[in-house]
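Residue numbers for the sequence shown, in our numbering: 224 to 477.
No residue lacks a Cβ here, since even glycine has one placed at the ideal position from N, Cα and C.
Input: a single structure, listed below in structure tokens.
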Amino acid sequence: MEQKNKIALVTGGSRGLGKDMALRLAEKGIDVILTYNNQVQDAEGVAGQIRQGGQKAASLRLNTGDLKSFGAFTTQLQDVLHTTFHATHLDYLVNNAGIAGYTPIADVSEEQFDELLNVHFKGVYFLTQKMLPLINDGGGIVNISSGLTRVSVPGSSAYASMKGAIEVFTRYLARELGARSIRANTIAPGAIMTDFGGGHLRNDEQLKKVVSNMTALGRPGVAEDIGSVVAFLCTEEARWVNGQRIEVSGGMQL
């Protein structure tokens, strides 16, 4: 079955960073499958924008913390690849879906820890494993980490620990998939004003000032600062970038 355009799967693509990633990928001429957990209308809205721009798009429901659902999701994904994209394989996987966690070490419950673990590390690990047979040789994987793996902010210990694990995992992906010419990289956003974590940065003027003062470029980030970097990593222009952590933070706490 002949496949014309490259295809990217973006988890958590209905809003925030994932939405911008999906739109920027489409601008590069890449077709997009995006996943959502609850925001079906938002996801379809993003897919509609992509179609209006001339690329193919589809949205699928996926809870990246529910590992038992990955088998059924993979089957559904293969069906959508066949019917909507006339393809059997993907080219790029962007593991973006996530949840926030702001709790001091002394107060983190095992339930909170496990939820962050499942969404941010275990889910990413095993979803990627499921996708490996579906990614074309010469494709790529982009995992989303955080500036919090480099800069320690009280209350983020569990979340940042999972992201640290993702950075190690990414290097191993790059090493093990090199024989298939599949690249794997991590991007680490700094403080970004989205509705992530209930929009805690976007809605807090004092916190915005704190972030601005510790950032070389003098402001917090916005979603539109991130997606183009992910899109770049999913092009031939980035063909020699592999196994890297790229921080996209405007120069936080340099």
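Secondary structure note for Ser-451: its alpha helix (DSSP H) is the uninterrupted segment 450–456. DSSP lists Tyr-315, Arg-406 as the beta-bridge partner residues of Gly-363.
Partner residues in a beta bridge of Asp-427, as assigned by DSSP, do not exist. Judged by pairs of C-beta atoms under 8 Å, the segment 276–292 touches the segment 343–361, as three or more such pairs exist.
Here DSSP, grouped into helix, strand and coil, assigns Tyr-325 to coil.
Shown here, Ser-282 sits in a strand according to DSSP, grouped into three states. Distance check between Asn-260 and each of Gln-275, Asp-254, Ile-322 places Ile-322 closest, using alpha-carbon atoms only. Look at Met-437 here: in three-state DSSP terms it is coil, with no helix or strand label. Three or more beta-carbon pairs separated by less than 8 Å are not found between the segment 233–243 and the segment 464–471, which leaves the two stretches without contact. Between the alpha carbons of Leu-257 and Gly-294 lies a distance of about 17 Å. A Cβ-Cβ separation of about 6 Å places Gly-444 in contact with Pro-412 under the 8 Å criterion. With a 10 Å radius around the Cβ and a threshold of 16 neighbouring Cβ atoms, Ser-375 comes out exposed. The segment 396–404 makes no contact with the segment 448–456, as fewer than three CB pairs between them are under 8 Å. Between Asp-360 and Ser-292, the gap from beta carbon to beta carbon reaches 8 Å or more. Asn-366 sits close to Thr-393, with the two beta carbons spaced by under 8 Å.
Shortest Cα-Cα distance from Ser-380 to any of Pro-356, Thr-326, Asp-265, Gly-346 involves Thr-326. Assignment of beta-bridge partners to Thr-258 by DSSP yields Leu-283.
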